[in-house]
Amino acid sequence: MPEGHTIHRIASDHAKLLVGRSVSVSSPQGRFSADAALVDGDVLDRIEAYGKHLFLWWRSGYVGHVHLGLFGRFRVQKLTIGEAEPVPVGAVRMRLSTTSSVIDLAGPTACAIFTASERDAIVDRLGPDPLRSDAQPARAIERISRSGQALGALLLDQSVLCGVGNVYRAEALFVNGLHPSRRGRDTSPDELVTLWGTVVSMLCKGVKDNRIVTVDRRELGVSSNRRLRRGEATYVYHRDLCLRCGTPIQTVKLAGRPCYYCPRCQPS
DNA sequence: CCTCTATGGCGAA
DNA sequence: TCGCCCTAGAGGC
């Protein structure tokens with residue numbers, strides 16, 4: 004679920020329900036109770052997405068920080084007028100509720116109430132976010148072009164650029180015919196500019212679709228409106244055979260996780 | 001019912 | 001590099 008596109012989508016979806024309103028904040032599971040009390044009933048001014056981080060700007064000056072990690076999920080329920088709040092299902096770390104909706108957060112890696120300067124400290128450790136209009140791609144491109152690290156490792160390094168996860172790194176490299184083990188410094192500036200562009204467009208599409216679909220449907224030969232199944236929506240990620248040429252997909256461990264690639268379409 | 005997996009990231013070695 | 005945290009859905013029996 005959560006690469007950068009998920010977080011940006013959540014930010015805009017949740018903003019429609021919460022921003023400008025007084026929000027009840029609680030922790031049915033209990034682990035977030037003390038922090039929740041700091042902002043319970045406060046007005047939410049803004050929700051900000053930065054890479055895989057979500058920041059909730061409260062009018063009091065507190066800033067909520069959420070990182071979904073691998074398992075975190077939000078569930079949104081809309082309430083009809085006068086409807087009582089539903090009983091939480093499972094382990095709900097944080098519940099945000101208004102008279103018209105309830106948003107439950109389960110399984111996050113991080114969920115805490117910070118100050119603005121703590122939020123800044125997190126952001127300072129991040130590279131440019133391709134989904135943000137204030138992103139400076141040159142920062143990422145320069146860093147990659149000086150690095151002896153593999154592209155597959157650099158794309159997953161949130162301090163180089165942020166928001167890309169294990170699916171998008173594999174798919175973006177595939178689309179550009181780049182082997183994941185190619186070193187950053189062995190990649191031309193032109194190739195890196197194009198790679199950045201690929202990441203931007205893939206993530207943007209992910210926000211729109213609210214899921215990861217990197218394949219061009221025309222290459223699939225399926226009717227254009229059928230919803231793609233999981234495993235149909237990528238060229239190499241988690242596939243046995245390359246969607247384009249049928250070659251068996253290989254993986255190489257980079258940044259501690261398997262990077263899927265096609266040895267034929269992405270020669271070293 | 002159970003076991004396995006997952007689109008992350010941290011801190012201890 | 002490894003272990004660990006956290007949850008839910010899928011699939012097997």
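With the first sequence counted from 1, adding 3 to any position gets you this note's numbering.
Cβ coordinates follow ideal geometry from the N, Cα and C atoms, glycine included.
Beta-carbon gap between residue i and residue j smaller than 8 Å
| i | j | result |
| --- | --- | --- |
| L158 | V167 | yes |
| R276 | R188 | Past the boundaries of the shown model lies residue 276; the chain is included only from 4 to 271, so the question cannot be answered. |
| R122 | F58 | yes |
| S27 | G7 | no |
| V239 | A173 | yes |
| V202 | Y171 | yes |
| I144 | V42 | no |
| E146 | D107 | The residue asked about is misnamed: residue 146 is Arg in this sequence, not Glu. No. |
| T217 | T237 | yes |
| C262 | I252 | no |
| P31 | P91 | yes |
Cα-Cα separation between residue i and residue j, rounded to whole angstroms
| i | j | result |
| --- | --- | --- |
| S100 | C114 | 16 Å |
| R247 | A109 | 37 Å |
| V163 | K211 | 24 Å |
| Q152 | G23 | 45 Å |
| D38 | G200 | 39 Å |
| L134 | I10 | 10 Å |
| G33 | S25 | 21 Å |
| R358 | R49 | With the chain covering only 4 through 271, there is no way to say anything about residue 358. |
| S103 | S29 | 16 Å |
Cβ-Cβ separation, residue j to residue i (assumed contact under 8 Å), whole Å
| i | j | result |
| --- | --- | --- |
| H56 | I125 | 6 Å |
| P183 | V255 | 6 Å |
| N213 | R12 | 5 Å |
Residues near residue i by beta carbon distance below 7 Å, same chain, minus five either side
| i | result |
| --- | --- |
| D160 | A258 |
| P111 | V69, H70, L71, G72, G75, R96 |
| P89 | Q80, V105 |
Same chain only: Cβ atoms within 8 Å of residue i, ignoring 5 sequence neighbours per side
| i | result |
| --- | --- |
| L181 | L154, T190, E194, L198, Q269 |
Cut-off 6 Å between Cβ atoms - residues of its own chain near residue i, not counting five sequence neighbours on either side
| i | result |
| --- | --- |
| D132 | Y53, G54, A138, C165, G166 |
| L21 | L47 |
| S204 | none |
| R267 | C248, T250 |
Could I get the ranges of all uninterrupted alpha helix (DSSP H) runs contained in the stretch 160-196, with 4 residues as the minimum, in chain order? Listed in chain order, they are 169-178.
Within the stretch 18-66, note down every full alpha helix (DSSP H) run reaching 4 residues or more, in order along the chain. The stretch 18-66 contains these whole alpha helix (DSSP H) runs: 36-42.
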